[in-house]
Amino acid sequence: MFATFRTVLFLGLAQLIPQAANAESEDPSKAQVKLSDTGKAVHYRGEMDNDAIARVAALIKAAGGTVTRLVIDSGGGEINGGMDLAELVLAHQLDVEVERLCASSCANYVFPAGNTKHIQEGAVVVWHGSAIQEEVGENLGIENIQTQEGGELSLAEKRLLLDQNREKARRYIADARLRQGDLFKRMGVDERVTVVGQQLKAAEEWTLTVDDMARFGVKNVFAPEYYGEDMPDVMRKRGVKLLYMEDYPDYKLAR
Numbered sequence: 012m013f014a015t016f017r018t019v020l021f022l023g024l025a026q027l028i029p030q031a032a033n034a035e036s037e038d039p040s041k042a043q044v045k046l047s048d049t050g051k052a053v054h055y056r057g058e059m060d061n062d063a064i065a066r067v068a069a070l071i072k073a074a075g076g077t078v079t080r081l082v083i084d085s086g087g088g089e090i091n092g093g094m095d096l097a098e099l100v101l102a103h104q105l106d107v108e109v110e111r112l113c114a115s116s117c118a119n120y121v122f123p124a125g126n127t128k129h130i131q132e133g134a135v136v137v138w139h140g141s142a143i144q145e146e147v148g149e150n151l152g153i154e155n156i157q158t159q160e161g162g163e164l165s166l167a168e169k170r171l172l173l174d175q176n177r178e179k180a181r182r183y184i185a186d187a188r189l190r191q192g193d194l195f196k197r198m199g200v201d202e203r204v205t206v207v208g209q210q211l212k213a214a215e216e217w218t219l220t221v222d223d224m225a226r227f228g229v230k231n232v233f234a235p236e237y238y239g240e241d242m243p244d245v246m247r248k249r250g251v252k253l254l255y256m257e258d259y260p261d262y263k264l265a266r
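Numbering (this note's numbering), first residue to last: 12 to 266.
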């Protein structure tokens with residue numbers, strides 16, 4: 012009987028796929044990629060999408076070495092998609108320019124991968140967790156089960172899907188943690204930047220000053236003078252906080 016249901020295990024933001032809520036004007040279902048600035052910049056707008064990331068790779072290749080910058084506006088998306096795009100940035104030594112928002116897997120992977128990082132006036136880089144956050148993937152429960160259409164399932168159907176997918180979810184996270192650790196090691200970045208707000212129990216979503224980004228190894232960041240203090244209203248309303256690491260002297264950083 013269960014085969015008649017088109018179902019998926021939905022694991023959501025706090026479990027497997029860090030995705031920030033998008034600002035009101037963003038359509039999360041459509042990632043847009045285009046080449047501009049006489050072939051020097053690839054513009055990426057939308058969530059991490061395999062087809063869109065493949066288009067980025069194709070544009071860079073077709074441009075024959077003229078692309079030097081990735082201009083991005085993204086609420087994040089699937090973990091591996093973010094790391095795939097970060098790998099492209101690293102391989103081609105691209106600068107990363109945040110046009111409006113770089114959150115979740117964009118902030119975790121794409122932003123720190125940039126040769127230089129530029130945050131435009133009014134733009135924000137937002138972290139809110141990653142594959143290394145505590146208990147991610149471990150507390151999957153009946154409440155995490157939905158149909159693709161958002162319809163209701165019986166308790167028996169939910170239990171079956173949970174049993175079928177629990178171990179798959181754990182393997183997914185284990186693999187993501189290994190890949191994330193390797194990526195951050197190559198970037199020279201302390202991956203705790205992706206979870207510091209949670210570790211400090213200070214914020215669910217946060218950004219950092221340019222100086223504090225550098226303390227985590229996210230260097231060569233250029234931002235407006237009062238970045239983070241003059242938070243856009245849409246970010247402030249959703250609860251994004253600017254953390255100052257000097258307020259937490261017991262939090263040990265190597266830098």
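Note that CB positions come from ideal geometry on N, CA and C, so glycine has one too.
With distance defined between alpha-carbon atoms, name the residue in the options nearest to residue i.
i      : options                           : result
Ala63  : Ile90, Gly75 and Leu96            : Leu96
Arg188 : Thr205, Asp174, Arg177 and Asn176 : Thr205
Val137 : Thr77, Tyr255 and Gly239          : Gly239
Glu216 : Ala74, Glu168 and Lys248          : Lys248
Lys263 : Arg177, Asp201 and Ala167         : Asp201
Lys196 : Cys113, Leu164 and Phe227         : Phe227
Asp186 : Ala73, Ala213, Ile143 and Gly199  : Ile143
Gly87  : Phe233, Asn119 and Gly250         : Asn119
Gly76  : Lys169, Asp241 and Val53          : Val53
Leu211 : Ala114, Asp258 and Ser47          : Asp258
Does DSSP put residue i in a helix, in a strand, or in coil?
i      : result
Gly87  : strand
Thr205 : helix
Phe122 : helix
Leu112 : strand
Asp222 : helix
Arg247 : helix
Leu164 : coil
Lys179 : helix
Lys263 : coil
Ile130 : strand
Val10  : In the structure displayed, the chain extends from 12 to 266; residue 10 sits before or after that span and is not available.
Asp258 : helix
Lys212 : coil
Met198 : helix
Gln191 : helix
Met94  : helix
Lys169 : helix
Ala68  : helix
Glu35  : Note on Glu35: pLDDT 38, under 50, position unreliable in the model; no value is reported.
Could you tell me which residues DSSP pairs with residue i in its beta bridges?
i      : result
Ser47  : Ala52
Arg80  : Ala52 and Asp106
Lys252 : Trp217
Val135 : Leu112
Going by beta-carbon coordinates alone, are residue i and residue j separated by less than 8 angstroms?
i      : j      : result
Ser116 : Ile83  : no
Gly57  : Lys45  : no
Leu105 : Arg80  : yes
Gln209 : Gly140 : yes
Gln191 : Met94  : yes
Leu164 : Val207 : no
Val135 : Leu112 : yes
Val109 : Gln131 : yes
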